[in-house]
Amino acid sequence: GGAIPAETKLLLTLRFYATGNMLISVSDFVGVSVASGSRIVKNVSHALASLKPDFIQMPQGRELERTALEFFNVAHFPTCCGAIDCTHIRIISP
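Sequence positions in the sequence shown follow the working numbering and run 19 to 112.
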């Protein structure tokens, strides 16, 4: 028993994201039940998502147009205002 440290919760969640393993595997890795692992992943995921406004800002108005043009000039990808680092997006090659 006892409280699960925040670092352990984050580790479990990041391991779940990174490996794609089933919850039984990542939960066992840190020594918690599957039910606890599921709850931890859900809660940590919500906590991380709530930080989005602090780290991801979408351009608006003229800035959006300028950003889309600059992205096109670099990547030759139309109507796109950028990409979040390490995001992989499946496309049909033009």
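No residue lacks a Cβ here, since even glycine has one placed at the ideal position from N, Cα and C. Keep in mind it's a predicted model, so treat the numbers as computed, not measured.
With respect to the alpha helix (DSSP H) encompassing Ala24, which residues constitute its N-terminal and C-terminal limits? 24-37
Excluding five sequence neighbours on each side, which residues of the same chain lie with their C-beta closer than 8 Å to the C-beta of Thr98? Reading off the sequence shown, one finds Cys at residue 98, where the question assumed Thr. If we look at Cys98 and ignore the five residues flanking it on each side, its Cβ neighbours are Ala86, Phe89, Phe90.
List, from N- to C-terminal side, the beta strand (DSSP E) runs of 3 residues or more that fit wholly inside the region 35-62. none
Rounded C-alpha distance that separates Leu41 from Leu82: 40 Å
Rounding to the nearest angstrom, what Cα-Cα distance links His94 and Tyr35 in this structure? 30 Å
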